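These notes are about the structure you will find just below.
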Amino acid sequence: MDHARWRREVRRDVYAATLVPITEAREVARQASRALVREDAGTDVERLLGRLDELIHAIRASCARLYLEGPKEVAAAADAVLSALQVVDNNLVTWRLARRSAPESLVEYIERHTLKAAGLSHSITRFADEASKALDAVP
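Under the working numbering, the first residue of the sequence shown carries the number 807, and numbering increases by one thereafter.
Encoded structure:
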């Protein structure tokens with residue numbers, strides 16, 4: 807019984823340690839997209855994108871630990887979040903570059919980002935659900 811409780815605590819801590827940078831990354835991506843829409847000179851888009859890249863690296867490291875702690879459904883859900891986040895990041899980077907060279911494509915990037923951000927939100931919800939199910943399964 808004590809071992810099961812200890813395993814649950816370890817998993818909970820690992821899941822939470824993964825969810826924290828995921829949540830921050832989603833917020834940083836939101837800030838970057840808002841700045842790109844407004845063409846906000848006061849917001850340092852480069853700094854936001856750099857922070858997003860740092861968070862992606864942190865999430866990647868957390869995913870490795872999830873594979874050790876399991877179960878595989880939680881690790882797979884985290885990988886899906888990581889993939890969705892990388893797609894959002896790539897879109898933001900190309901949007902930033904296109905903003906200078908092709909300002910007429912702004913609507914296209916906004917629409918694309920909206921779809922990619924929705925996919926990211928869905929994958930985050932799935933990760934949280936899988937993590938919760940895994941914790942409930944441990945006695």
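Every residue gets a Cβ at the ideal spot worked out from N, C-alpha and C, and that includes glycine. What you are looking at is a predicted structure, and each value in this text was computed from that prediction instead of being measured.
Exercise for the section: Tell whether a beta-carbon distance below 7 angstroms holds between V894 and F933. Expected result: Mapped onto the sequence shown, residue 894 falls at position 88. Mapped onto the sequence shown, residue 933 falls at position 127. No, Cβ-Cβ distance for V894 and F933 is not below 7 angstroms.
Practice task
List the whole-angstrom C-beta distance separating V834 from R857, where the pair is believed to meet the contact cut-off of C-beta under 8 angstroms.
Solution key: Working through the sequence shown from its first residue, we reach residue 834 at position 28. Working through the sequence shown from its first residue, we reach residue 857 at position 51. Yes, they are in contact, since the Cβ atoms of V834 and R857 sit about 5 angstroms apart, within 8 angstroms.
Exercise for the section: Ignore the nearest five residues each way along the sequence and tell me which others in Y873's own chain have a CB closer than 7 angstroms to its CB. Expected result: On the sequence shown, residue 873 is found 67 positions in, with the first residue counted as 1. Contacts found: A881.
Problem - Reduced DSSP category for G949 - H, G, I as helix; E, B as strand; rest coil - result: Look at the range of the chain in this structure, 807 to 945, and you will see that residue 949 is not part of it.
Problem - Member of E860, Q837, A924 and G876 whose CA lies at the smallest distance from the CA of A955 - result: Outside the displayed span of the chain (807 to 945) sits residue 955, for which this structure offers no information.
Exercise for the section: Determine the DSSP secondary structure at D850, reduced to helix, strand or coil. Expected result: The sequence position of residue 850 within the sequence shown is 44, counting from 1. Assigned with DSSP and collapsed to three states, D850 falls in coil, not helix or strand.
Exercise for the section: Could you say which of L855, M807 and S907 lies nearest to R832 if we only look at CA atoms? Expected result: Within the sequence shown, residue 832 is the residue found at index 26, counting from 1. With distances taken between Cα atoms, R832 lies closest to L855.
Practice task
Determine the DSSP secondary structure at P877, reduced to helix, strand or coil.
Solution key: Here the question's residue 877 lines up with position 71 in the sequence shown. In the three-state reduction of the DSSP assignment, P877 falls in the coil class, being assigned neither a helical nor a strand state.
Problem - Three-way DSSP call (helix, strand, coil) for A884 in this model - result: Taking the first residue of the sequence shown as position 1, residue 884 is located at position 78. Under the three-state reduction of DSSP output, A884 falls in the helix class.
Exercise for the section: Have a look at D819 and A867 and give me their C-alpha separation to the nearest angstrom. Expected result: For this step, residue 819 is matched to residue 13 along the sequence shown. For this step, residue 867 is matched to residue 61 along the sequence shown. One C-alpha to the other measures close to 14 angstroms.
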